[in-house]
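Numbering (our numbering), first residue to last: 17 to 354.
The structure appears below as C-alpha cells.
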Ligand code: CUA
C-alpha cells in the first residue's frame, strides 16, 4: 500500500494518491472483516440454536455492557472515517496559493487547455504538434474548468481527482504530480455522440473521444512545451514558410477540413482554395474582400458575415486559437492559390 503499484488501484501519481488509497483500503478491509465476522457469527448461531437442540426460544433480557459496546464501537469507527475523509476533502479543496492555473474548456467532444503564456493544447496529439495536458512535476496546478455546451467531467485516476465541467460555471480542481511520466485522463460524464456516421476523415465523434494523456513534465520539459505551443511545430522543414506550415497543421488539428476544402470543392463552408483576396457576397447583402480582418472575424465571430449560399453553422474558435495561430492560418490560406 505504500508502493506506487497497488492491487486494484492505478499508480499513485499525485500527492493525494497515498492518502486517498489508504482510506479506501481502510474502509475496504474494515468491511471485509465486518462481513466475515457478522456472517460467521450468524451461521454459527443458526447452527448452535437449531430447532432439534433448542426447540423453544427463551427471552434473554438485556446485557447492558454488550449493548453499550456494540453502539459505541461503530460510532468511534465512523467518527474516525469521517475525520479522515473530511481531512482529505479539505486537502482536495483548498488550493495552495502558489498553484499554477491552467484553463480547461470542455465541449462536444474535445478538451482545450490554455496555459499561463496564452498557448493552447487539446487532448488530441497530432504528430509534430504537442498535445495532451502538460503539467510540471512537484508544483501545485489548479485546473479552472468550464463547459461550452453540456456536462462533462475531468477525471485523472492516477491523481485520484475528478471534477464536473458545468456550463455557465467555473469549477476548480488541483493536484501536484509526484513523478515524470504519463497517465490517462477521461471525460467521466456521458456527453453524447454524433451518431453512427463517421466524419470526413473516417473517425467517429463522441464522449469516447474526450480522453488523452496527462504529461507530467520536468520543469525543463514543461518550459520547452510552453515554448513549443506558442510557435510553429518543430517538424516544419527549415527554410519552409514556417507560419504556413503551422497553419496547415492547425487546419488538420482543429478539424477545419470537415467543412472547408482546399481543392475548390464547396463543402459545409466555402473552399479555402483561392480564398485570399476573393470578393465575397454576404447573406446580409453586403460585400467584402477576404483579408486578414475578414478571416479573423470569421474564425472568432463566424456568423457576422456569412458568404451567400452557406448556413451560419460554424462554431467560434474564440478562446481556442490565439493571435499567433490566427496569423498562421492566414499564412496558410495565402498559399492556397487557384
Ligand atoms: Cu465529455 Cu463525456
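Cβ atoms here follow ideal geometry from the backbone N, Cα and C, with glycine treated the same way.
Note that this is a predicted model, so its numbers are computed, not measured.
- Excluding five sequence positions before and after residue 206, the CB atoms of its chain that fall closer than 8 angstroms to its own CB belong to 223, given in chain order.
- For residue 150, the shortest separation between its Cβ and any heavy atom of the ligand CUA does not lie below 7 angstroms.
- Distance from the CA atom of residue 64 to the CA atom of residue 78, rounded to whole angstroms, is 20 angstroms.
- Under the three-state reduction of DSSP, residue 291 is assigned to coil, being neither helix nor strand.
- By the Cβ neighbour-count rule, residue 234 is exposed, with fewer than 16 other Cβ atoms within 10 Å of its own.
- The continuous alpha helix (DSSP H) containing residue 93 extends over residues 80 to 109.
- A straight line joining the alpha-carbon of residue 280 with that of residue 189 spans about 46 angstroms.
- Restricting attention to 202, 193, 311 and 243, the CA atom closest to the CA of residue 225 is found in 202.
- The continuous beta strand (DSSP E) containing residue 177 extends over residues 177 to 181.
- According to DSSP, residue 198 shares a beta bridge with 231.
- For residue 125, the Cβ falls inside the 7 angstroms cut-off from some heavy atom of the ligand CUA.
- At a threshold of 7 angstroms, residue 200 does not count as near the ligand CUA, since its beta carbon sits no closer than that to any of the ligand's heavy atoms.
- Within the same chain, 133, 134, 135, 338 and 340 come within 8 angstroms of residue 246 by CB-CB distance, once the 5 residues on both sides are set aside.
- Beta-bridge analysis with DSSP links residue 203 to 170.
- Here DSSP, grouped into helix, strand and coil, assigns residue 312 to helix.
- Contact between residue 349 and residue 262 does not hold, since the beta-carbon distance rounds to 12 angstroms and is not under 8 angstroms.
- Relative to the ligand CUA, residue 313 has its C-beta separated by 7 angstroms or more from all heavy atoms.
- Judged by the Cβ position, residue 206 qualifies as a neighbour of the ligand CUA at the 7 angstroms threshold, a heavy atom of the ligand being closer than this.
- Under the three-state reduction of DSSP output, residue 326 falls in the coil class, being neither helix nor strand.
- One alpha carbon belongs to residue 301, the other to residue 345, and they sit about 27 angstroms apart.
- The shortest C-alpha to C-alpha distance from residue 334 to any of 277, 96 and 164 is the one to 164.
- Annotation for residue 203 indicates a beta carbon within 7 angstroms of some heavy atom of the ligand CUA.
- For residue 62, there is no enclosing beta strand (DSSP E); the residue is found in the alpha helix (DSSP H) stretching over 33 to 64.
- Residue 96 has its Cβ no nearer than 7 angstroms to any heavy atom of the ligand CUA.
- Inclusion of residue 199 and residue 172 in the CB contact set at 8 angstroms is warranted, their separation being smaller than that value.
- DSSP, read as helix, strand or coil, puts residue 193 in strand.
- A distance below 7 angstroms between beta-carbons, with the five flanking residues on each side excluded, links residue 114 to the following residues of its chain, in chain order: 156.
- By the C-beta density criterion, residue 314 is buried, having at least 16 other C-beta atoms within 10 angstroms.
- In this structure, residue 352 sits near residue 291, with a CB-CB distance shorter than 8 angstroms.
- Around the beta carbon of residue 149, a 10 Å sphere encloses 16 or more other beta carbons of the protein chains shown; the residue is thus reported as buried.
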